[in-house]
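Read through the structure below, which is laid out as structure tokens, and then see the notes.
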Amino acid sequence: MVSFSTGVGTMRFLILLIGIFIFYLLLKNYFRNLQRQDRPIRPPAAENMVRCAQCGVNVPQTEAFFSRGEYFCSDEHRKQHQH
Ligand SMILES: [Zn+2]
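Printed below as a string of structure tokens:
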């Protein structure tokens, strides 16, 4: 009888452990999905694209370097164009 009740206690403990483990996996998966959803909030296509005056590469206007009426993909190209 004693060994039987101990067995039930162990079973409950195991079920609790499995429950916590499943909960942990779900939580991990949930946060991973949240991070994935964060990325497409700023789609590159929706941004205003500008062309680098030095190399001709298209870059988002927010990431472009603007100087003397022209856009550049990098600060380096902005300096190269001025020299
Ligand atoms: Zn460039």
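Just so you know, we're using my numbering here: the sequence shown kicks off at -2 and counts up by one. Ideal Cβ positions, reconstructed from N, Cα and C, are used throughout, including at glycine.
Close CB contacts of Ala61 within its chain, under the 7 Å cut and outside five residues either way in sequence, are with Val47, Tyr68, Phe69 and Cys70 (chain order). Straight through space, the alpha carbons of Leu14 and Gly6 are spaced by roughly 12 Å. Residues with their Cβ less than 7 Å from any non-hydrogen atom of ligand 1, running along the chain, are Cys49, Gln51, Cys52, Val54, Phe69, Cys70, Ser71 and His74. Classified as buried, Cys49 has 16 or more neighbouring CB atoms from the shown chains inside 10 Å of its CB.
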